[in-house]
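Novice:
There are 2 protein chains.
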Amino acid sequence: MKTRSAKLALVLALLLGVICSVHADDPLPSWNDTASKKAIVDFVGRVTKAGSPDFVKPEERVATFDNDGTLWAEQPIYFQFQFAIDRVKALAPQHPEWKEQPPFKFVIAGDMKALLADGKSMMALMAVSHAGMTTDEFTKIVKDWLRDAKHPKTGRLYTQMVYQPMIELLAYLRANGFKTFIVSGGGVEFMRCFAEQTYGIPPEQIVGSSSKMKYEIHGGKPELLRLPEVQFVDDKQGKPIGIEIFIGRHPIAAFGNSDGDQQMLEWTTAGSGARFGLIVHHDDAEREWAYDRKSEIGRLDKAWDEATAKGWIVVSMKNDWKTIFPPTKE
Amino acid sequence: MKTRSAKLALVLALLLGVICSVHADDPLPSWNDTASKKAIVDFVGRVTKAGSPDFVKPEERVATFDNDGTLWAEQPIYFQFQFAIDRVKALAPQHPEWKEQPPFKFVIAGDMKALLADGKSMMALMAVSHAGMTTDEFTKIVKDWLRDAKHPKTGRLYTQMVYQPMIELLAYLRANGFKTFIVSGGGVEFMRCFAEQTYGIPPEQIVGSSSKMKYEIHGGKPELLRLPEVQFVDDKQGKPIGIEIFIGRHPIAAFGNSDGDQQMLEWTTAGSGARFGLIVHHDDAEREWAYDRKSEIGRLDKAWDEATAKGWIVVSMKNDWKTIFPPTKE
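Protein chains in written order, with my numbering: chain A, 3 to 332; chain B, 3 to 332.
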């Protein structure tokens, strides 16, 4: 018996050793062995190694991630805008007056050019699709949409339009004691409908834009009614403010892709001690989309210049990523 | 050698057993063995026992706590108001014009009655003491105050005016897999100056009222400037809204002491599954203060009626608590 247990223990130890060493060899298998990956691994090593001059206590290992264009795609339009458009289409039969009324008539006619010509149009669609219902009703509508809607170009579910290398990066940071947060201009309640399952990020670690709400009691049951008014915009200057109000800690690493993330990266990397800033550059027209300084969606211009000036890592999706999207289940 | 290690292991095991059994016997030593304590222990047992029909997964064990009057005292005035008054006194030498100017002249003259006669007066003091500086500067001012200022009645530091039974309750819930949050009308950045050390609640688990802020770069260094405008009021109806925006989960247990907590307890206890609502009733004039339906600070009136109607636990500080405040270091 004793010899048998000893053998078993040895086998188990070897197996564990193999598993651990595979993991240690390549925690980021979808990343090519380029400077970007080396910079990530180097930073994580420096802040986690006991005795390192850059060591950071686990509770202070806060990493913040933008969502649109950083964790999932954002072309041809932000997915939350597509949700609003689809929702207006679904509601149109109950609103015959919309046939004559801009911007709703653009949606019904499928005239995207007219719809996107005026920034106010999308806001009107957002108000109709995101307000006037309880928080529970909204969550159900979004989850139903995420279950069924397909991306117009790839035919994938939107939750399969996430970046596999970033999913690995999130897991790698968490395995190294980091607490990962989303800090996005997207709606906080919209993101919570998929972020836990898709990214492993729980609801209480998501910072986003929010609507005003009204607390009401209907038939003895309390409800939160979503109002068509903005409570907080978590974009540009709003990102460091959102970090301060919601998280209350200074991140040590921040990840973005556009000028909307510039202030978050400035705020994060300005702190004392080891800091890390990373920008995902969309330069892969073949496997994804190529856009930067002149794009209406996800413009990367000033933040790119600042990245160069300050030594933030600029990831080339084309050169640094082995794969873009996760494998789909057939 | 072998026998010695075995003996050592046995001693260690026994010691651990003793420690654990003391803990298991009485996780709440400052609570008397009354119905309130039994209800708490019963609820925790039901939601944590595998196989129980009321079992709740650890990630959904969210418990929210009011701060003023629930975790620390709030008499004779909210401690954050006392901070504002002390701050105005400290700034007065730089503002000779305040001698003639209400409400500042009331502070300088020590006329509390005149000061508290008009609700707008405190708001003016809050603006002067809480805005016009960076977030880092504000944190330093609050921490200095907490280090030095003493409560006018007890002579204790304000961080020693916390309720020992509630400190034990927080630890007991966390030991049972709960995530504990503060959801308070107090300023979120004010509370973060002491909550981690005092309550073991980290910054990212504190929901509170907040000011608007401005992001600025001074000498290449990004800063957040606090503005004298309100961003969000986390009180009454604002508490379920704050829970929804900041936490994004439905709490299964909520703890408060006043009408400001009524909606949080309604929202928490209305959900499906096992739920727990608890109100701390300040009925101990000898060891603390006795106040409820008619108090200006921490009024407990409508929430008390609802507690009775809905079976929320009403804790008598006089009868249910063995001790009120923690022992002080002499």
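For glycine and all other residues, C-beta sits at the position ideal for the given N, C-alpha and C. This one's a predicted model, so the numbers in the text were calculated from it and none came from an experiment.
How about S212 (chain B): is its C-beta nearer than 7 Å to some C-beta of chain A?
Specialist: Yes, S212 (chain B) counts as interfacial toward chain A.
Novice: Using 8 Å for Cβ pairs, my map puts Y174 (chain A) next to L30 (chain A). What's the rounded Cβ distance?
Specialist: Contact flag correct, Cβ pair sits at about 6 Å.
Novice: Along chain A, which residues have their Cβ under 7 Å away from the Cβ of A272 (chain B)?
Specialist: Ordered by position in chain A, the residues that pass the 7 Å Cβ test against A272 (chain B) are K223 and P224.
Novice: For E290 (chain B), count neighbouring Cβ atoms within 10 angstroms of its own Cβ and tell me buried if that reaches 16, exposed if not.
Specialist: Buried.
Novice: Short of 6 Å in beta carbon distance, which residues of its chain neighbour S318 (chain A), apart from the five on each side in sequence? Order them along the chain.
Specialist: Taken in chain order, the residues that qualify are H283 and D285.
Novice: Note the first and the last residue of the continuous alpha helix (DSSP H) segment covering V89 (chain A).
Specialist: In the sequence as presented, Val is not what sits at residue 89 (chain A); that position holds Arg. R89 (chain A) -> alpha helix (DSSP H) spans F81 to L93.
Novice: Which one of B:I315, B:I281, B:G134 and B:F85 has the shortest CA to CA distance from L302 (chain B)?
Specialist: Of the candidates B:I315, B:I281, B:G134 and B:F85, the one whose C-alpha sits nearest the C-alpha of L302 (chain B) is B:I281.
Novice: Between L229 (chain A) and the rest of its own chain, which residues show a CB-CB distance below 7 Å, the 5 nearest in sequence each way excluded?
Specialist: A133, S213, K214, M215 and K216, listed in sequence order.
Novice: Are A94 (chain B) and I79 (chain B) close, meaning C-beta to C-beta below 7 Å?
Specialist: No, Cβ-Cβ distance for A94 (chain B) and I79 (chain B) is not below 7 Å.
Novice: Q239 (chain B) touches chain A at which residues, Cβ-Cβ below 8 Å?
Specialist: Going along chain A in sequence order, the residues near Q239 (chain B) (Cβ under 8 Å) are K216 and Y217.
Novice: Which of the residues in the region 247-260 of chain B, read from start to end, lie with their CB under 8 Å from any CB of chain A?
Specialist: Listed by position, the residues of the region 247-260 of chain B near chain A (Cβ gap below 8 Å) are I247, F248, I249, G250 and R251.
Novice: Please tell me whether P205 (chain B) has its Cβ less than 7 Å away from any Cβ of chain A.
Specialist: Yes, its Cβ sits closer than 7 Å to a Cβ of chain A.
Novice: Kindly list the residues whose CB is nearer than 6 Å to the CB of T50 (chain B), restricted to its own chain and excluding five residues on each side of it in sequence; keep chain order.
Specialist: The answer, listed in chain order, is N178.
Novice: Among B:P329, B:T330, B:N321 and B:D28, whose alpha-carbon lies nearest the alpha-carbon of L171 (chain B)?
Specialist: It is B:D28.
Novice: Among B:F140, B:A65, B:A37 and B:T141, which residue has its Cα nearest to the Cα of R176 (chain B)?
Specialist: That would be B:A65, whose Cα lies nearest to the Cα of R176 (chain B).
Novice: Comparing C-alpha positions only, which one of B:F196, B:Q239, B:F248 and B:A129 sits nearest to F162 (chain B)?
Specialist: One point to set straight first is that residue 162 (chain B) is Gln, not Phe, in the sequence displayed. Nearest C-alpha to Q162 (chain B): B:F196.
Novice: Would you say P29 (chain A) reaches chain B, if we count a Cβ-Cβ gap shorter than 7 Å as a contact?
Specialist: No, its Cβ sits nowhere closer than 7 Å to a Cβ of chain B.
Novice: Looking at the structure shown, is T136 (chain A) part of a helix, part of a strand, or coil, going by DSSP?
Specialist: Here T136 (chain A) sits in strand by DSSP.
Novice: Helix, strand or coil for K223 (chain B) per DSSP?
Specialist: Looking at K223 (chain B) - three-state DSSP - the assignment turns out to be strand.
Novice: Please return the same chain residues whose Cβ sits closer than 6 Å to the Cβ of T271 (chain A), not counting the five positions on each side in sequence.
Specialist: Cβ within range, chain order: R277 and G279.
Novice: Thinking C-alpha only, which one of B:K40, B:G47 and B:V58 is nearest G275 (chain B)?
Specialist: It is B:V58 whose Cα lies nearest to the Cα of G275 (chain B).
Novice: Given that a residue counts as buried once 16 or more other Cβ atoms are within 10 Å of its Cβ, and exposed if not, what is G240 (chain B)?
Specialist: Buried, by the Cβ-count rule.
Novice: Where does K4 (chain A) sit, in a helix, a strand or coil, going by DSSP?
Specialist: In this prediction, K4 (chain A) scores a pLDDT of 48, lower than 50, which makes its location untrustworthy; the coordinate-derived value is nonetheless stated afterwards. Of the three classes helix, strand and coil, the one that applies to K4 (chain A) here is helix, per DSSP.
Novice: Buried or exposed, going by whether 16 or more other CB atoms sit within 10 Å of the CB of E231 (chain B)?
Specialist: Counting Cβ neighbours within 10 Å, E231 (chain B) comes out exposed, since fewer than 16 surround it.
Novice: Under 8 Å between beta-carbons, which chain A residues line up against I326 (chain B)? List them in chain order, please.
Specialist: Going along chain A, no residue has its Cβ under 8 Å from I326 (chain B), so there is no contact; the nearest lies around 29 Å.
Novice: Return no unless some Cβ of chain A is closer than 7 Å to the Cβ of T137 (chain B).
Specialist: At least one chain A Cβ lies under 7 Å of T137 (chain B).
Novice: Which same chain residues, not among the five before or five after A126 (chain B), have their C-beta less than 6 Å away from its C-beta?
Specialist: P105.
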